[in-house]
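Student:
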Amino acid sequence: MKATYINRGETIDYINHTETIIEAGAILDLKTRVGIAGTTIFPKEMGSVHVVGVFCIAKDNSSVDIGDILYFDGTQLTAAETGTPAGWAVEAAKAEKKEVYIKLLG
């Protein structure tokens, strides 16, 4: 059996199967992890989605310590084990902080 190299896997090609434009920077739920739209992706077209990297993303009012696993609940990140695993915090963030730096799961 042989494998054929495609790319480094930092971004993936993603077809927008919805009728809605996906804006660059949008968080996409990929079932077992999230990705970040690297470009605006029009309906029925292909665009890039980042699946590795560190991003600044809105979070709920939970406190976060460096290394905590974070989840995407459909609108923001949470430390509660609900939603889709998104990645881990690369900084601590108090409850009142609105955003956190997160390393995507990849």
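Each residue of the sequence shown is one higher than the last, beginning at 1158 in my numbering. Where is the CB? At the ideal position from N, CA and C, for every residue including glycine. These figures come from a predicted structure and were not determined experimentally.
(1) I'd like to know whether the C-beta atoms of Gly1263 and Val1208 end up nearer to each other than 8 Å.
(2) On the three-state DSSP scale, how would you describe Glu1256?
(3) Decide if the region 1220-1238 is in contact with the region 1198-1207; the criterion is three or more beta carbon pairs, one per stretch, under 8 Å apart.
(4) Comparing alpha-carbon positions, which option in Thr1189, Asn1173, Gly1195 lies nearest Gly1182?
(5) Quick check on DSSP: helix, strand or coil for Tyr1228?
(6) For the beta strand (DSSP E) that Leu1185 lies in, which residues bound it at each end?
(7) Name the two residues that bound the continuous beta strand (DSSP E) containing Met1203.
(8) Buried or exposed: Tyr1171, going by 16 or more other Cβ atoms within 10 Å of its Cβ?
(9) As a quick exercise: from Cys1213, Gly1166, Leu1185, Glu1253, pick the residue whose alpha carbon is nearest that of Asp1230.
(10) Using only the alpha-carbon positions, how far apart do Glu1238 and Ile1179 sit?
Tutor: The relevant details are as follows:
(1) yes
(2) strand
(3) no
(4) Gly1195
(5) Under the three-state reduction of DSSP, Tyr1228 is assigned to strand.
(6) In this chain, the beta strand (DSSP E) harbouring Leu1185 covers 1184-1186.
(7) 1203-1207
(8) buried
(9) Leu1185
(10) 26 Å
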